[in-house]
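*Asks:* In my numbering, the protein residues as written are 118 to 290. We put the CB at the ideal spot given by N, CA and C, even for glycine.
(1) With three or more C-beta pairs closer than 8 Å as the rule, is the stretch 136 to 146 touching the stretch 241 to 251?
(2) So, for residue 248: in the same chain, excluding its five sequence neighbours on each side, which residues have a beta-carbon less than 6 Å away from its beta-carbon?
(3) Thinking C-beta only, is residue 170 closer than 8 Å to residue 155?
(4) Excluding the 5 residues flanking residue 211 on each side, which residues of the same chain have their C-beta closer than 8 Å to its C-beta?
(5) Locate the alpha helix (DSSP H) running through residue 193, then write down its first and last residues.
(6) Have a look at 203, 196, 158 and 179 and flag the residue whose alpha-carbon is nearest the alpha-carbon of residue 185.
(7) Mark residue 268 as exposed unless 16 or more other C-beta atoms lie within 10 angstroms of its C-beta, in which case mark it buried.
(8) Name the one or two DSSP bridge partners that residue 274 has.
(9) Indicate the three-state DSSP secondary structure (helix, strand or coil) for residue 279 in the structure shown.
(10) Taking 7 Å as the limit between beta carbons, can you name the residues of its chain near residue 221, skipping five residues before and five after?
(11) Taking Cβ positions, are residue 237 and residue 149 nearer each other than 8 Å?
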């Protein structure tokens with residue numbers, strides 16, 4: 118089989134992902150949005166919009182915390198760690214207006230969404246794994262894996278905070 122490059126068929130990433138965190142690493146920043154989501158198969162969780170303070174680049178990742186039927190997933194425990202390092206005891210859903218990109222209208226629109234404002238504008242350190250992929254519609258995207266979660270001030274993980282020990286995890290990175 119012969120393949121020929123066609124410059125007219127590429128999916129341009131300049132406007133689409135120019136502000137995305139593209140590399141794996143440790144990032145200090147702010148959670149800008151925490152929104153409730155449900156996947157096509159009924160798995161639910163929280164989608165986070167995180168902005169790095171170093172360069173203002175963003176990462177959007179979802180922690181699917183409960184399977185269809187209510188059983189907790191491994192991501193539920195990651196959410197628990199985020200809450201611990203932020204000092205949050207409980208989050209309550211609240212409907213607020215957020216700006217989202219409407220693919221059909223090809224522009225940003227304001228829509229009412231269920232969010233968790235207790236996370237909004239909170240400083241945190243995330244260790245992210247980043248991998249560029251292409252979805253079925255051929256548009257490039259970045260898949261993020263959440264590797265580490267740390268308190269912004271003390272650099273402690275949730276376990277280190279609970280055990281009241283100094284940060285040894287982040288110092289080693």
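*Replies:* In short, the structure shows the following:
(1) yes
(2) 260
(3) no
(4) 231, 232, 233 and 234
(5) 191 to 203
(6) 158
(7) buried
(8) Residue 274 pairs with nothing; no bridge assigned.
(9) helix
(10) none
(11) yes
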